[in-house]
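Take a look at the structure below.
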Amino acid sequence: MDAIRLDVPFTVPLLGEAFVEAGTPLLTAALGFSWRVTVKKSESPKLSIPISSPYLKKILSKFLASQGLDGYYSVSGPHEGGSDQDFVNAAALLYLTECGAIEESLPQLLKRAGSWDFVTAARALTSLSGGVVASRQGEGFLSIDSTTSGPICLRILPGRRIDETPVSKFSKEFPALSDSMWHLVAHLVLEGIGAIQRGDLAALGRAFSLEASLLYATGQIALSDLQRISGIPSLGSKVIVSPALVADLAIPSEGVLPDDFQMVRFSYEGVNEIEG
């Protein structure tokens, strides 16, 4: 295989990423900017792929080998060494298969993935397809029918180390409350899906703000985080919480946004090959 250049859309979790461990749904979206990467293959007696997560490396290698891929693969670009590396590389490698078996096979392989590996895989599959994707561990991935383009605002924050997920801690400390809490989160994600389908950005913003309150209540974010996003002139805001991506996310209103926010739109274009 000659080297190919790919345009890999940047994707974010919209709702639910911090609660995947509890079995709640996840909503992810492709945004209107991307990573440009180069994929190269070298001869090798066994398949080798640039994925740092041991579990994702194992299941992606198994899937790619089942589709006839072999050799040593490298994915180079400005994303290398950054927190987005695994999702970008996974999306680029899955693109090489050009295979309809992805949506059928990968959900089964991801049934035992850790919550953060599942979020990374969901971001990769959303990048592959473009648009907005709903998923649930053990159930699969579903593209949401919508034409809403946003806008949406994003401010990338420094990453944080997460040893024990606050979901586990909350369940241990409040066993009588936890099931009801996770049920509420699941319905909140479903409300977000409905808002996307209707093109109702105000409702999506309210879902963001409600999730932010639940993130604080379950120890996922600090009071200072909640106060910071509450000061954003918006229709609703939240903090994206994961080891790979921490960011403030907001639906803009008429107010002036802080200078460190990026205004972007939803993108319905998936991974594409760059000609020339």
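Take 1372 as the starting number for the sequence shown in my numbering and just add one per residue. Where a beta carbon is used, it is the ideal one built from N, C-alpha and C, also for glycine.
Here G1448 is not near E1640, since their CB atoms are 8 angstroms or more apart.
Cβ-Cβ distances below 6 angstroms link T1468 to Q1438 in the same chain, with the five nearest sequence neighbours on each side left out; the list follows chain order. In the structure shown, L1481 falls within a coil segment according to DSSP collapsed to helix, strand and coil.
For E1562, the secondary structure class from DSSP, reduced to helix, strand or coil, is helix. Within the region 1456-1517, the complete alpha helix (DSSP H) segments of 4 residues or longer fall at 1456-1466, 1473-1480, 1486-1500, listed in chain order. Taking T1519 as reference, the option from R1483, L1548, A1573, F1489 with the minimal CA-CA separation is A1573. With respect to P1416, S1613 sits apart: the two C-beta atoms are not nearer than 8 angstroms. D1596 and I1611 have their C-alpha atoms roughly 11 angstroms apart.
Per DSSP, the unbroken alpha helix (DSSP H) holding A1588 starts and ends at 1572-1588. Comparing alpha-carbon positions, the option among P1522, F1381, S1517 lying closest to R1569 turns out to be S1517. At the C-beta level, L1377 and E1646 stay beyond 8 angstroms of one another. Contact annotation: G1590 and K1540 have beta-carbon atoms nearer than 8 angstroms. Assigned with DSSP and collapsed to three states, A1593 falls in coil, not helix or strand. Judged by DSSP secondary structure, F1404 falls outside any alpha helix (DSSP H) and instead within the beta strand (DSSP E) spanning 1397-1413. With a cutoff of 8 angstroms on beta-carbon distance, F1434 and L1477 are scored as near each other.
Rounded to the nearest whole angstrom, the CA to CA distance from L1559 to L1581 is 8 angstroms. Residue pairing by DSSP places L1377 opposite V1408, E1644 in a beta bridge. Proximity to D1630 across A1615, P1604, F1458 peaks at P1604, based on C-alpha coordinates. One thing to note: A1401 has its Cβ within 8 angstroms of the Cβ of S1498.
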